[in-house]
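Have a look at the structure below before the remarks.
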Amino acid sequence: SGLSAVDYVSSAIATQKYIGTPDIISKNAGRNNVLAGDIRTAYGSDYVALICKGSNHALSEVRTCYSSDLQNQIPCPSSVLKQDNCGKQRGSKVSIYSF
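For the sequence shown, counting from 1, position 64 maps to 104 in the numbering used here; every step adds exactly one.
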């Protein structure tokens, strides 16, 4: 990115605040039957990798990719997309824990 570590983290936090959390996450906190495909769609399909943990596929991370100026969501590189382990088969479900 060309940014220092501090600037990179600051930019990442600012971007997250700007895009916010999609309703599919906030409205389904505490549920264990949320379609992974619906989450991907809410975050931008090809622009996201979902990371799940545990035997119940608990959603742990949502990785998205943005242009260097943080203005546009862009397709994530294959190195990010291949980390998606929440199931890409139609009907795959994940759990979203509330805290």
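Just so it is clear, CB atoms sit at the ideal spot from N, CA and C, and this is done for glycine as well. Everything numeric in this text was worked out from a predicted model, so none of it was measured.
Fewer than three pairs of CB atoms, one per stretch, sit closer than 8 Å, so the region 104 to 112 makes no contact with the region 69 to 80. In this structure, DSSP gives Ala98 an extended state, which the three-state scheme calls strand.
For Leu75, the enclosing beta strand (DSSP E) has its first and last residue at 71 to 75. Per DSSP, the continuous alpha helix (DSSP H) segment holding Lys57 begins and ends at 45 to 59. When the alpha-carbon of Gly94 is set against those of Thr104, Ile136, Arg80, the nearest one is in Ile136.
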